[in-house]
Every structure is written in C-alpha cells, then in structure tokens.
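Q: Per the numbering used here, the very first residue in the sequence shown carries number 1203; after that it's consecutive. Cβ atoms here follow ideal geometry from the backbone N, Cα and C, with glycine treated the same way. Given the structure is predicted, the values throughout are model-derived calculations rather than measurements. Pasting in a structure now, in structure tokens, and then I'll have a few things to ask.
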Amino acid sequence: MSDPHVWHDAENGMAMVRVIQAQLSEAFPDIGNLDQTMKVC
C-alpha cells in the first residue's frame, strides 16, 4: 500500500510545486516568471 500522504516525501512535494507552478503560469501569463518570483527549484 502506498502512502496516501504523498506530500511527506520531499521529491513528491517538489514535483507537485512544479505542476502547480506550470498550471498557474498557463492560467495567469500576466504574472510573469513564477520560477523567479517564487524561487521554485
């Protein structure tokens, strides 16, 4: 059985942040480069 708390794993958390960042950038292109704004890895 896999852990239902996927965010407890650092790699999973970073992957989720990248997906959220990409979706926000697509939905709100006027925000600018979120990688730099949020210092996302």
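Can you tell me whether ASP1232 is helix, strand or coil according to DSSP?
A: helix
Q: Within a Cβ cutoff of 8 Å, which residues of the same chain sit near ASP1205, ignoring the five residues on either side of it in sequence?
A: So the list reads ASP1211, once near-sequence residues are dropped.
Q: With a cut-off of 8 Å on the beta carbons, I'd call VAL1208 and ASN1214 a contact; round off their distance for me.
A: 5 Å
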